[in-house]
Amino acid sequence: MRKTLLALAAAIGLLFATTPAANAYEPVNIVHTERVQVGPYGMTVGFSTWPLRAMQSLDFTFIPDDGIAGKSGTLAFVNPETGRLGRPQPLAKHPRKLEVWGLDIRALQTQGAWTFRFEIDGPAGKGTGELRDLTVLEQPGPPMAVSWSISLIPLIVLAVLITIAWRRTKARLRGNGLPATV
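Written out as structure tokens, the structure is:
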């Protein structure tokens, strides 16, 4: 009994000792940057993955040269398929890197030449700027239709097995003279 309690206490101690490390956020690793002039503000756009691929999640950081204090801004994307400007969204602090603006785990849905349009309002006034011709390559892996088809095979097999089992059970109940609704 004593050994069991000691083992249980050791396991609980290890659990609590490793909890802070498990709850820590992974840092944002910037592997590529691009420069953009947004009116009077210079800005560095950082990417956590390079080259960019469609439907691949990554982090974006937007770092004005003199910081984000006292500034506000918006970001809109120009989709290469439609050529239309999306709805501007406010630039917010990156959830894991609070001293800069950013997007956490975002994916660009289609391949092509994307444009990011920025507007910043700060002490030096308002400014607009664009990061043009940001090349996004095709999605990694097989096409989505193939991926979905393969992933649905177990569900289809399960449905077939349940149908066969249900029919056999219903036939047995009839064969024993019992009502099939039981």
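Okay, so the sequence shown: first residue is 6 according to this note's numbering, each after it adds one.
Here a beta-carbon is modelled for each residue, glycine too, at the ideal position from N, C-alpha and C.
Across which residues does DSSP place T49 in a beta bridge pair?
Looking at the DSSP assignment, T49 forms a beta bridge with R40 and I68.
Continuous beta strand (DSSP E) assignments of at least 3 residues falling wholly in the stretch 96–159
Counting only runs of 3 or more, we get 102–111, 117–127 and 130–142.
Can you tell me where the beta strand (DSSP E) with A74 in it begins and where it stops?
Careful: A74 lies outside any beta strand (DSSP E) and carries neither H nor E.
Should the stretch 99–118 be called in touch with the stretch 71–87, which here means at least 3 C-beta pairs below 8 angstroms?
For the pair of segments examined, the stretch 99–118 was found to touch the stretch 71–87: the number of CB pairs separated by less than 8 angstroms reaches three.
Would you be able to state if there are at least three C-beta pairs under 8 angstroms between the stretch 94–105 and the stretch 62–81?
In this structure the stretch 62–81 touches the stretch 94–105; the number of beta carbon pairs closer than 8 angstroms is three or more.
P147 to P45 span [Cα, whole Å]
Distance between the alpha carbons of P147 and P45: 44 angstroms.
Mapping DSSP to helix, strand and coil, what is G78?
Strand at G78.
Look at the alpha carbon of R173 and the alpha carbon of I155, and state the distance between them as a whole number of angstroms.
One C-alpha to the other measures close to 28 angstroms.
Once you ignore the five residues that flank L57 on each side, which residues in its own chain have a CB closer than 6 angstroms to its CB?
The residues are V141.
V36 versus W171 - alpha carbon distance:
V36 and W171 have their C-alpha atoms some 55 angstroms from each other.
So, are the CB atoms of V50 and F121 less than 9 angstroms apart?
Yes.
V41: which of G18, P69 and Q144 sits nearest, CA to CA?
It is P69.
Could you check if L80 is buried or exposed, using at least 16 other CB atoms within 10 Å of its CB as the buried criterion?
Taking all protein chains shown into account, L80 has 16 or more neighbouring C-beta atoms within 10 Å of its C-beta and is therefore buried.
Once the 5 residues before and after G138 are set aside, which same chain residues still bring their CB inside 7 angstroms of it?
Note that residue 138 is Asp in the sequence shown, not Gly. Within the same chain, Cβ atoms closer than 7 angstroms to the Cβ of D138 are found at A118, the five residues on either side in sequence being excluded.
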